[in-house]
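S.K.: Take -3 as the starting number for the sequence shown in my numbering and just add one per residue.
All residues carry an ideal CB built from backbone N, CA and C; glycine is no exception.
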Amino acid sequence: MQYTRRLVPISSCAYRCQIRQICISKARKEVLELGARGGPRKFQRTKDVWSVGSIAMLAIPAAAFGLGCWQVARLQWKLKLLEYLEKRLNDPAVDFPIDDLDSLDSLEYRRVHIKGRFLHEREFLLSPRGRFDPGLKNDDSQGSLLSSSDMSSHGAHVVTPFLISGSNLIIMVNRGWIPRGKMNRESRLNSEEKGEVTIDAIVRKSEHRPQFVGANQPEKGVWFYKDFNEMAKQAGTAPIYVESTYEMTRPGGPIAGQTNVKVRNEHLNYLLTWYSLSAVTLAMWYIRFAKK
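1) Can the beta-carbon of His109 be found less than 7 Å from the beta-carbon of Asp91?
2) Please say whether Ser202 and Arg222 have beta carbons closer to each other than 7 Å?
3) Taking only runs that begin and end inside the stretch 208 to 281, name each unbroken alpha helix (DSSP H) of 4 or more residues, in chain order.
4) Are the beta-carbon atoms of Ile297 and Gly172 separated by less than 7 Å?
5) Start and end of the beta strand (DSSP E) containing Lys111?
6) What three-state label does DSSP hand Asp101 in the structure shown?
7) To which residues of the same chain is Ala52 closer than 7 Å at the C-beta, ignoring the five residues directly before and after it?
8) Return the chain-ordered list of same chain residues with a C-beta closer than 7 Å to the C-beta of Gly64, the five sequence neighbours on each side being excluded.
9) Three-state secondary structure (DSSP) at Arg284?
10) Would you give the residue range spanned by the beta strand (DSSP E) that Phe120 belongs to?
11) If you draw a straight line from the alpha carbon of Ala279 to that of Gly62, how long is it in whole angstroms?
12) Would you call Arg184 buried or exposed, if buried means 16 or more other Cβ atoms sit within 10 Å of its Cβ?
13) Distance, Cα to Cα, His204 vs Phe224?
14) If you follow the beta strand (DSSP E) that Arg200 is part of, which residue opens it and which one closes it?
15) Just confirm the distance between the C-beta atoms of Thr194 and Lys111, as a whole number of angstroms; I'd bet it's less than 8 Å.
16) Would you report the Cα separation of Gly253 and Val68, rounded to the nearest angstrom?
17) Taking Phe114 as the reference, give the member of Asp196, Glu215, Gly49 and Glu188 with the closest Cα.
18) Look at the Cβ atom of Val238, then the Cβ atom of Ala211, and state whether they are nearer than 7 Å.
19) What does the Cβ neighbour count give for Phe208, buried or exposed, with the cut at 16 atoms within 10 Å?
20) For Glu119, does the count of other Cβ atoms within 10 angstroms reach 16, so buried, or fall short, so exposed?
21) For the putative contact between Ile94 and Ile174, defined by C-beta atoms under 8 Å, what is the C-beta separation to the nearest angstrom?
22) Along the beta strand (DSSP E) that carries Arg171, what are the first and last residues, could you check?
23) Quick check on the burial criterion: 16 or more other C-beta atoms within 10 angstroms. Buried or exposed for Lys76?
24) Please state whether the Cβ-Cβ distance between Gln230 and Pro214 is less than 7 Å.
25) For Ala152, report the span of its beta strand (DSSP E) as first-last.
26) Considering only the alpha carbon of each residue, which of Trp281, Met244, Pro124 and Ile166 lies closest to His153?
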């Protein structure tokens, strides 16, 4: 006896239901397979990465990286400043603008020629002061703060009023550095220039009181830092200050050339510090929140 398969027609509604059940079954199967492969763990990892704690910790390397970039810009600025100052110091000297004193602001760190005579009896000292002249590195006699050497690098700068020829203008000239043993003017009388002289000097501006430096005591003639207005008032000069170039040094007298352009430059160390902090904290964030 043979049996024949009969095709039973079904309605379109029943057909759609059947297809929907097949799709649901496949979806369930895929979800189960995904769970077997660690799907929930991936979901939890994604949730941790965007948590408040994760974002807060991620802000640390981001901020450190930004500060590192800022230090790069500061380093470039400082290097350009040092290059500019060195160029100014090496530019040819110009005549002192006796008829246009307002232009002195634009001449800072420039060499100028000045003719006149020193008023040695009105000199005063800036102390304590170290040496910055070009001859310092070739001088084997320099000592430490406690050294008994007469040429120890700790001493004072001699500032002497200078009357400019053909005028009544008196300015202040830093003639150079002296050791502690020569702070008494009597020990330097033979080195003092007499009569009219021509000097080369560097134009400088006043400075603010440095941190941790004591206040000046004008009434006692004690000067720890350069305050041109106060110094000029005590010395009876104009508030104009220049520093003699190294070539103006006289045997037995102050060592000229004390213009210091060694601007502090720690930006390279700072940027390395910030970039290192950024890298370390980013690695910590990755281990804590992303690597699971």
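M.R.: Concretely, from the data shown:
1) yes
2) Sequence check: residue 222 is Lys here, not Arg. The answer is yes: Cβ separation under 7 Å.
3) 224 to 231 and 263 to 281
4) The requested residue 297 does not occur in the structure, where the chain is confined to residues -3 to 288.
5) Arg107 to Phe114
6) helix
7) none
8) Leu267, Trp270, Tyr271 and Ser274
9) helix
10) Phe120 to Gly126
11) 17 Å
12) buried
13) 10 Å
14) Per DSSP, the continuous beta strand (DSSP E) segment holding Arg200 begins and ends at Val193 to Arg200.
15) 5 Å
16) 32 Å
17) Glu188
18) It is not a contact, given that the beta carbons lie outside the stated cut-off.
19) exposed
20) buried
21) With a Cβ gap of about 29 Å, Ile94 and Ile174 do not count as contacting.
22) Ile166 to Pro175
23) exposed
24) yes
25) Unbroken beta strand (DSSP E) run through Ala152: His150 to Ile160.
26) Pro124
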